[in-house]
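Here's the structure, in structure tokens; my notes come after.
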Amino acid sequence: MNIGACLTQPRNCDSARCHSLETHIRAHSPMNLFELFQNRIAACVSDLGQSVDLPKGVDTGRITVEPPRDPSHGDLATNAAMVLAKDASMPPRVFAEKLVPRLQALEGVSSVEIAGPGFINLRLDSSLFHGVLRSILTDREAYGRSTKGKRKKVNVEFVSANPTGPMHVGHGRGAVFGDALASLLDFAGYDVTREYYINDAGAQVDILARSAFLRYREALGENIGAIPEGLYPGDYLVPVGEALSKQYGSSLLKQSEKEWLPIVRQAAIDAMMDRIREDLAALAINHDVFFSERSLSEGGNRDEIAALIDELKSRDLVFQGRLPPPKGAPVEDWEDREQTLFCATQYGDDVDRPLLKSDGTYTYFAADIAYHRSKYLRGFKTMIDVWGADHGGYIKRMTAAVKAATDGLGDLDVKICQLVRLLRNGEQVRMSKRSGDFITLREVVDEVGRDAVRFMILYRKNDATLDFDLGKVIEQSKDNPVFYVQYAHARCASVARQAQTSINPGSDEFKHADLKRLTDESERGVMHRLAQYPRLIESAALAHEPHRIAFYLHEVASDFHALWNRGKDHPDLRFVIENDRDLSIARLALVDSVRIVLASGLSVLGVSAPDEMR
RNA sequence: GACUCCAUAGCUCAGCUGGAUAGAGCAGCCGCCUUCUAAGCGGCAGGUCGGAGGUUCGAAUCCUCCUGGGGUCGCCA
0 MNIGACLTQP RNCDSARCHS LETHIRAHSP MNLFELFQNR IAACVSDLGQ SVDLPKGVDT
60 GRITVEPPRD PSHGDLATNA AMVLAKDASM PPRVFAEKLV PRLQALEGVS SVEIAGPGFI
120 NLRLDSSLFH GVLRSILTDR EAYGRSTKGK RKKVNVEFVS ANPTGPMHVG HGRGAVFGDA
180 LASLLDFAGY DVTREYYIND AGAQVDILAR SAFLRYREAL GENIGAIPEG LYPGDYLVPV
240 GEALSKQYGS SLLKQSEKEW LPIVRQAAID AMMDRIREDL AALAINHDVF FSERSLSEGG
300 NRDEIAALID ELKSRDLVFQ GRLPPPKGAP VEDWEDREQT LFCATQYGDD VDRPLLKSDG
360 TYTYFAADIA YHRSKYLRGF KTMIDVWGAD HGGYIKRMTA AVKAATDGLG DLDVKICQLV
420 RLLRNGEQVR MSKRSGDFIT LREVVDEVGR DAVRFMILYR KNDATLDFDL GKVIEQSKDN
480 PVFYVQYAHA RCASVARQAQ TSINPGSDEF KHADLKRLTD ESERGVMHRL AQYPRLIESA
540 ALAHEPHRIA FYLHEVASDF HALWNRGKDH PDLRFVIEND RDLSIARLAL VDSVRIVLAS
600 GLSVLGVSAP DEMR
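The numbers in numbering that gives the first Met the number 0 rise by one with no breaks, and the one at position 496 of the first sequence is 495.
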């Protein structure tokens, strides 16, 4: 690509047709001011390379363009000179001086200055930010949507709670996080599949079946007494037992466990999964795929796990060997024996991992490898798993296994959600596991609402522990970020309602608003903030960090509340100025833009954007 | 013992994959309601980014070693 020839024009743009930058912005929406300038600055650097002694093919990828922390530094700052100084073998500031004239020649740049160790600060024409506003008002809910993902298939596996009981708040965190991450990736242009891995094989679900069978006998009138140690005591299995008694009468009693267990097990799993799906639906979470672990070895005419192990064997990644005894707390029934191991150490794990139990059945790990290989075979090169904190020690072996099972072509990113501490007005809410009557996720959602649960979970990094206070999250005050952000949206809507009774803007009037009338510093500040939204979406999606959206929304809300209040101190800054229709329209267009971005971000997080909150 | 996550204002936390003088919110102090929702806003004060080295133009951020906490540690899922 001949970048130099298109120096003052945006890249990939026919210069004859693209005569103004604002036109360009509107023609290439969704637009990202920062990306645009990153490309243009990179082009300037490449062009400079023809006259200055720059190595061929210099890496311009490290150039960043970001808003300076201090607004007095300008609108955009780039580190181009500092990053490339070494390649150019000259001090950053000297390189910067050579670059400045070219940057100054860029359309829309009003001034350029070198600062500090070699930052280049750009001041932009207001028209650029007006262009941003127009693209918001035109694209509406599509503003910020990115094509960066190039429709690449991404599999987000989350929740995957064992179908042995109701979900607790910890599951809820993974559920909300995974769902928001999936939405974020979708918004950033990926082809996302939400997936749930049902652990319906192994010992746990057999225990579930025995527990349910007990409830079945109870439903038939038997006095079962206390639930024996080792079985699930929760009364959520009572309805399962009753359903079984209705369907089968007493006929199961005559069968051996070998006969009734598969029947009861499947019924119990189905009942648990129905309930889990309901609980997820209460949080507006819907998976695209529910993948059964059991189906890997029993489902069709082929044992996927055996196939996987065979394949790994053929590539010399499986061997018979012995493992050193586990460190830490001693394991009572440890016996040194030769077993079937996957060479996880070849892929960065600390020890090799067993694929078969001593009874000859597959380990959970073996099934999990086959499962991840299945994802890969279904076209997902990028996989994201969302796990609870207690599975942190499992990451190395799974990423190792994915590398091995996909021959290095698949990529797994495991996101760990740390523990949730449930509080009520500062007092910790104890969850007694023994009795089985712990506080379920559903109870929490029913008490404080979906929005509060979702936003508070997302208002924290996934790998930091979360204090969730049932009292605080429903407070209607600025201390509660859920309310604070939603209220900003409601306020925008309220302003629009009020305006209908005064200047009553036409349906298409905002798009043609005279945005040059927005001259106040706070108005300019809001425009800058809104301009960052597309960039934020892309970086949050790339980092797999939806919490950045929540914090950004809090900042937008803060900007807006401040703007709103300025109208109190300065009546000339009120949104609606009775005798100045053009100014009012411009300001209402800004308010509408704020509302659109708030609604968009909240939508990505799966939180509602109410028009009023009385 | 090994691996892993964390340590930032009195408290709860951000810090945009290495950028400029480290930021919010609570709590504290001082202000702002005849006004588009005061359910809000402005200001002041508050810091050896756990400690010590290292990498480079530049480190809260990356590497090593300490200190203090959470989690995990064949055949559970």
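From the three backbone atoms N, C-alpha and C, an ideal C-beta is built for every residue, glycine too. All values reported here derive from a predicted model rather than from experimental measurement.
Beta carbon of residue 597 nearer than 8 Å to that of residue 562 | Taking 8 Å as the Cβ cut-off, residue 597 and residue 562 do not qualify as a contacting pair.
Candidates 586, 236, 453, 355: closest to residue 526 by CA position | Its Cα nearest to that of residue 526, the residue 586 stands out among 586, 236, 453, 355.
Among 136, 372, 571, which residue has its Cα nearest to the Cα of residue 518?
-> Out of 136, 372, 571, 571 has the C-alpha closest to the C-alpha of residue 518.
Would you list the residues sitting across from residue 413 in a DSSP beta bridge?
-> Paired residues: 384.
Can at least three beta-carbon pairs, one atom from the stretch 188 to 197 and one from the stretch 137 to 153, be found at a separation below 8 Å?
-> Per the Cβ contact rule, the stretch 188 to 197 is in contact with the stretch 137 to 153 (3 or more Cβ pairs under 8 Å).
From the DSSP output, in three-state form, read off residue 346 for me.
-> It is helical.
Report buried or exposed for residue 288, applying the criterion of at least 16 other Cβ atoms within 10 angstroms of its Cβ.
-> Around the beta-carbon of residue 288, fewer than 16 other beta-carbon atoms lie within 10 Å, marking it exposed.
Buried or exposed: residue 432, going by 16 or more other Cβ atoms within 10 Å of its Cβ?
-> Unreliable positioning characterises residue 432 in this predicted model, as indicated by a pLDDT of 49, which lies under 50. The coordinate reading is nonetheless provided below. Residue 432 should be labelled exposed.
Alpha carbon to alpha carbon, how far is residue 499 from residue 493?
-> One Cα belongs to residue 499, the other to residue 493, and the distance between them is close to 10 Å.
Let me know the beta strand (DSSP E) ranges lying completely inside the stretch 222 to 302, each 3 residues or longer, listed in chain order.
-> Whole beta strand (DSSP E) segments, 3+ residues: 288 to 291.
Please classify residue 325: is it buried, with 16 or more other beta-carbons within 10 angstroms of its beta-carbon, or exposed?
-> When all chains shown are included, residue 325 counts as exposed.
Sub-8 Å separation of residue 469 and residue 419 beta-carbons | For residue 469 and residue 419, no; Cβs fall outside 8 Å.
Cα-Cα separation between residue 308 and residue 158, rounded to whole angstroms = One Cα belongs to residue 308, the other to residue 158, and the distance between them is close to 27 Å.
What do you get for residue 426, buried or exposed, if any count of 16 or more other CB atoms within 10 angstroms of its CB means buried?
-> The residue in question, residue 426, is exposed, as its Cβ has fewer than 16 Cβ neighbours within 10 Å.
Assign residue 411 to one of two classes, buried (16 or more other C-beta atoms within 10 Å of its C-beta) or exposed (fewer than that).
-> By the neighbour-count rule (16 or more Cβ atoms within 10 Å), residue 411 is buried.
Less than 8 Å between the CB atoms is what I'm expecting for residue 535 and residue 547, so what's the real figure, rounded?
-> So it is a contact: roughly 6 Å between Cβ atoms.
Just reading off the beta strand (DSSP E) that residue 395 is part of, what are its end residues?
-> Where residue 395 is concerned, there is no enclosing beta strand (DSSP E), although the alpha helix (DSSP H) it sits in stretches over 394 to 404.
Who are the near neighbours of residue 319 in its chain, counting only those whose CB is closer than 8 Å to its CB and skipping five residues on each side?
-> Exclusion of the five residues before and after residue 319 leaves 337, 338, 339, 340 as the residues of its chain whose Cβ lies within less than 8 Å of its Cβ.
Taking DSSP as the reference, what is the three-state secondary structure of residue 606?
-> For residue 606, the three-state secondary structure derived from DSSP is coil.
What's the C-alpha gap between residue 59 and residue 41?
-> If I take the Cα positions, the gap works out to 6 Å.
Rank 454, 213, 539 by C-alpha distance to the C-alpha of residue 614 and give the top, closest one.
-> Outside the modelled stretch of the chain, which goes from 0 to 613, sits residue 614, for which no answer is possible.
Inter-residue spacing [alpha-carbon to alpha-carbon] between residue 182 and residue 606 | Rounded to the nearest whole angstrom, the C-alpha separation of residue 182 and residue 606 is 12 Å.
In the DSSP assignment, find the unbroken beta strand (DSSP E) run with residue 143 in it and report its ends.
-> For residue 143, no beta strand (DSSP E) segment is defined, and its DSSP state is neither H nor E.
Using the DSSP secondary-structure output, state which residues sit across from residue 353 in a beta bridge.
-> The beta-bridge partner set that DSSP reports for residue 353 consists of 340.
Residue 599 (DSSP reduced to helix, strand or coil) = Look at residue 599 here: in three-state DSSP terms it is helix.
Within 8 Å, strictly: CB atoms of residue 290 and residue 195 = Contact flag set, yes.
If we count the other Cβ atoms within 10 Å of its Cβ and call it buried at 16 or more, is residue 386 buried or exposed?
-> Classification of residue 386: buried, given that the 10 Å Cβ count is 16 or more.
In chain order, what residues of the same chain have a beta carbon less than 7 Å from the beta carbon of residue 295, not counting five sequence neighbours either side?
-> Contacts found: 303, 304, 366, 369, 370.
Grab the span of the beta strand (DSSP E) containing residue 119 for me, first residue to last.
-> Element bounds for residue 119: 118 to 123.
Select from 97, 170, 130 the residue whose C-alpha is nearest the C-alpha of residue 84.
-> Of the candidates 97, 170, 130, the residue whose Cα lies closest to the Cα of residue 84 is 97.
Determine the direct distance from the alpha carbon of residue 53 to that of residue 276, and round the result to whole angstroms.
-> Spanning the two alpha carbons is a distance of roughly 59 Å.
Should the stretch 564 to 578 be regarded as contacting the stretch 207 to 226, the criterion being three or more beta carbon pairs within less than 8 Å?
-> A contact between stretches requires three or more CB pairs, one per stretch, nearer than 8 Å, and the stretch 564 to 578 fails this requirement with the stretch 207 to 226.
Okay, do the stretch 371 to 390 and the stretch 311 to 318 touch, 3+ Cβ pairs below 8 Å being the bar?
-> As far as the Cβ criterion goes, the stretch 371 to 390 does not touch the stretch 311 to 318, which means the pair count is below three.
Thinking residue 133 and residue 510 are a contact (beta carbons under 8 Å), I'd like their distance in whole angstroms, please.
-> About 7 Å separates the Cβ atoms of residue 133 and residue 510, confirming a contact at the 8 Å cut-off.
Please name the residue in 589, 278, 460 whose C-alpha comes closest to that of residue 171.
-> Closest option to residue 171, Cα to Cα, is 278.
Run through DSSP, which three-state label would residue 169 get?
-> Reduced to three states, the DSSP call for residue 169 is helix.
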